[in-house]
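Residue numbers (this note's numbering), protein chains in the order written: chain A, 934 to 1156; chain B, 934 to 1156; chain C, 834 to 1112. Ideal placement from N, C-alpha and C gives every residue a C-beta, glycine not left out. The model shown is predicted, which means the values in this text are computed figures rather than measured ones.
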Amino acid sequence: MSKREVSVDIETRRAVEAIVLAATEPVHPTVMAQLVELPVETIDELCSQLAAEYEAQGRGFQLARVAGGYRFQTHPDAYPYVERFVLDGQTARLSGPALETLAIVAYKQPVSRAQLSAIRGVNVDATLKTLVARGYVDEIGHDPSPGNPSMFATSRLFLERLGIDSLSDLPPLADFVPESSVVEALERGLLLPTGDAAEADAPESNLAAGTARDSADLDLTGE
Amino acid sequence: MSKREVSVDIETRRAVEAIVLAATEPVHPTVMAQLVELPVETIDELCSQLAAEYEAQGRGFQLARVAGGYRFQTHPDAYPYVERFVLDGQTARLSGPALETLAIVAYKQPVSRAQLSAIRGVNVDATLKTLVARGYVDEIGHDPSPGNPSMFATSRLFLERLGIDSLSDLPPLADFVPESSVVEALERGLLLPTGDAAEADAPESNLAAGTARDSADLDLTGE
Amino acid sequence: MPYEVSTPVFEGPFDLLLHLILKEEVDLWEISLSRIVDAFCAEVERMDHVDLDLTTEFLLIAATLVELKARRLLPGRDDVDLDEELMRFEERDLLLARLLDCKTFQDAARVMHEQLQAASRSIARTAGPEEPFRSLAPDPLQRVALDALVAAARRALAPKIVEEVQTAHIAPIRASVRDAIDTVLALLPEHGAVQFRELTYGVTEKLEIIVRFLAILELFKQGMIDLEQVENFGVLTVRPLAAGERVALDLASLEEWGDEPAGPRQSGPAQPARIEEQV
């Protein structure tokens, strides 16, 4: 929503609404700026204003900024009624593995098949194939490194499907870095003996009780 | 414009606006009446009311009754802007799926709907309809095989638009290089018959399986 | 997807390891070696078909864990090589880093899924311009270069990879009816009936299921059990006959089956034939 009201004449408002309505894909604000001969910023502000009006008036449509442009789309609340107008295949769900692979591509792009497999710990060939076939991921070229691996990145369609304007609208990956309790749990789970005197001195200590932590463990768990 | 105000809840208003926005063709009021479970008269009154609101608010779009149904269309006052936008070709893009389907028809013709769907891996009904409506693809008759499927081929217009004289001017696909993943899979010995292998071994194999090319394709691609 | 296993799904070894450590909230060092091995083996066995890459990865991680744990259990050694020591920490840190990566993207994927779901509730208008604008628009095909069409054809016609694992090097499963009878007898309750499905619980090989079926046919023939199937393709119920109802198991007649499950005998007895009609 815009911070300040822009005052444009009714002709410009009409033009912007009409252009977006006539479009078949999101319209970049520069295109509209050229057509109505106004700065891009004004278009952006006008669009925010229009979007806010629709929302305030309880309209069944929204003016959304998606994949770099503006488009009309139905209001999510009306979904039960418009479901039947969804084109076939659009609603097909992605499997868990496909989603995880997609998430890695989204945050690590450009990324090679081998890098994806390394992170997932499984072969991603089939999953990647699905994502490419569905148009969420594109092969964008080859890396100059040895073997010239194909590199993959998310597509424009991915942004559209996610309903976001650009990749920078993705929540930062830092948000998902496991919290310290999880890290600690993992560290504890993978605890390594140091082979020092601690164990030799107390070979009988009760492992199961988790009390026989040596100094290395203390460092890891921060106790 | 309605003689009297109808009072419907915001959910119904939203639903009607959303349905008309999502539809690609005018929506008959009886369809909406069924979806929102209200009498057709109420829908008609609601639509008149919405149309009046848009007009009063100076919107760039109208809710118009066309061919027995309702659709959103651009406001006549915005005509010059929409005209320039459209003339710029901003609305004239073949979608990825449409282009792929057209390409398959070009190289595989004559081809049935089922064969196209099998190759694309998705239902092609809507896409094919668009291509036929645009005049790129013609229905050229029925195959004598069981079910007598309609067969499709590219049109003269298709050749004209692409700037070629005949189908034989289409670049051969013979220099087709399988992508690296296919090569890798071949090396691992994990691959089922590829297009190339299947061509050589079984020129008559079933197109619908999506893996083999028939002899007609060899003529096109065999150079 | 290489694996679409029924719940709970562990799509890879990291998945499983995360589950073991986080969901079960256990210290891997506090649970027995055999439990770790069992969990990994169970997951490998659960896989519908064999993916050598994935299986290898599972086994590698399981082996790493077992090795780390085994070291932990050994009494302290004074002769520890410093390099070896460092390597162990490196191994562990590597595993830890990969687990953290895995967890991070799992969570990111969950949020992305919610976002996709939410976004899919809004449908973009695609109707485009109405007439007369529609006819004003330049023909979209005019904007398509021949190259683009060829590229689209190649994309669309590219052979689709269907993963199929060569199994020539895998030893064939040998399942004998005799063994299956023993297994079935052990699984049968003292009283009451069980479904055939329960007698094949956890069995993934089709061949083994067939052999178990042959085993219950044989037991039926021997008068050890009663079979009931109410409708075609319906539930097949197996009920052991009480001691008074049955005769002694005639092991001698089993020789006919040999060790190879060669299918029902041609000279099959009356009872199995009746069952076949019901099946």
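Interface flag, residue i vs chain A, CB-CB below 9 Å
i          : result
C:Ala-957  : yes
C:His-783  : As shown, chain C starts at 834 and ends at 1112. That puts residue 783 of chain C outside it, with no answer to give.
C:Gln-939  : yes
B:Val-1065 : no
B:Asp-1021 : yes
B:Arg-1046 : no
C:Phe-847  : yes
B:Arg-947  : yes
C:Glu-876  : no
C:Arg-954  : yes
B:Gly-1080 : no
Distance CB(residue i)-CB(residue j) smaller than 9 Å
i          : j          : result
A:Val-1015 : B:Ile-1052 : no
A:Ile-976  : A:Pro-962  : yes
B:Gln-995  : B:His-1008 : yes
C:Ala-957  : A:Arg-998  : no
A:Val-1055 : C:Glu-878  : no
B:Pro-1043 : B:Asp-1076 : yes
B:Ala-1039 : B:Pro-1082 : no
B:Leu-1106 : C:Arg-988  : no
B:Lys-1041 : C:Leu-1052 : no
B:Val-1019 : B:Ala-1025 : yes
C:Leu-853  : C:Ala-875  : no
C:Ile-1058 : C:Val-1068 : no
A:Phe-1109 : C:Asp-940  : yes
B:Thr-1166 : C:Ala-960  : Since the first and last residues shown for chain B are 934 and 1156, residue 1166 of chain B lies out of range.
C:Leu-1032 : C:Leu-1040 : no
C:Glu-963  : B:Gln-1006 : yes
A:Val-1057 : C:Lys-936  : no
C:Leu-933  : A:Leu-1119 : yes
C:Val-1044 : C:Ala-1008 : yes
C:Glu-923  : C:Thr-897  : no
A:Val-973  : B:Gln-1023 : no
C:Asp-980  : B:Pro-1104 : yes
Test: residue i CB closer than 9 Å to a CB of chain B
i          : result
A:Leu-1092 : no
C:Ala-985  : yes
A:Gly-1068 : yes
A:Ala-1051 : no
A:Arg-1026 : no
A:Thr-1060 : no
C:Gln-950  : no
A:Ala-1086 : no
C:Glu-963  : yes
C:Pro-1073 : no
A:Leu-1035 : no
A:Ala-955  : yes
A:Val-960  : yes
A:Ile-1073 : no
A:Glu-944  : yes
Min CB distance residue i to chain C below 9 Å
i          : result
A:Tyr-1012 : yes
B:Val-1015 : yes
A:Pro-1043 : no
B:Glu-950  : no
B:Pro-1104 : yes
A:Val-941  : no
A:Gly-1029 : yes
A:Leu-1100 : no
B:Gly-1096 : yes
Which residues, in chain order, does the region 985-1011 of chain B contribute to contact with chain C at a C-beta distance below 9 Å? So the list reads Ala-997, Val-999, Arg-1004, Phe-1005, Gln-1006 and Thr-1007, given in the order they occur along the chain.
With three or more C-beta pairs closer than 8 Å as the rule, is the region 942-952 of chain A touching the region 951-960 of chain C? Between the region 951-960 of chain C and the region 942-952 of chain A, the count of Cβ pairs shorter than 8 Å is below three; the stretches do not touch.
Between the region 1087-1107 of chain B and the region 967-974 of chain C, are three or more C-beta pairs nearer than 8 Å? The region 1087-1107 of chain B vs the region 967-974 of chain C: in contact.
With a cut-off of 8 Å, do at least 3 Cβ pairs link the region 1071-1090 of chain A to the region 1031-1041 of chain A? Yes: the two stretches touch, three or more of their Cβ pairs being nearer than 8 Å.
When you check each C-beta in the region 964-985 of chain B against every C-beta of chain A, which residues fall closer than 7 Å? Look at the region 964-985 of chain B: the residues with a C-beta under 7 Å from a C-beta of chain A are Leu-968 and Val-969.
Which of the residues in the region 1106-1118 of chain A, read from start to end, lie with their CB under 7 Å from any CB of chain C? So the close ones are Leu-1106, Phe-1109, Val-1110, Pro-1111, Val-1115, Val-1116 and Ala-1118.
Could you please tell me which residues of the region 923-934 of chain C, in chain order, have their CB closer than 8 Å to any CB of chain A? Within the region 923-934 of chain C, the residues whose Cβ lies closer than 8 Å to some Cβ of chain A are Arg-925, Leu-928, Leu-929, Arg-931, Leu-932, Leu-933 and Asp-934, listed in chain order.
As an exercise, report each continuous beta strand (DSSP E) stretch of at least 3 residues that is fully enclosed by the region 991-1025 of chain B, in chain order. Fully enclosed beta strand (DSSP E) runs of no fewer than 3 residues occupy 994-999 and 1002-1007 of the region 991-1025 of chain B, in order along the chain.
Which residues of the region 1049-1065 of chain C have a Cβ closer than 9 Å to any Cβ of chain A? Give them in chain order. Residues of the region 1049-1065 of chain C with a C-beta atom less than 9 Å from some C-beta of chain A do not occur.
At what residue ranges does the region 1065-1112 of chain B contain a whole run of the beta strand (DSSP E), taking only runs of 3 or more? With a minimum length of 3 residues, the continuous beta strand (DSSP E) runs that stay inside the region 1065-1112 of chain B are 1070-1075 and 1083-1087.
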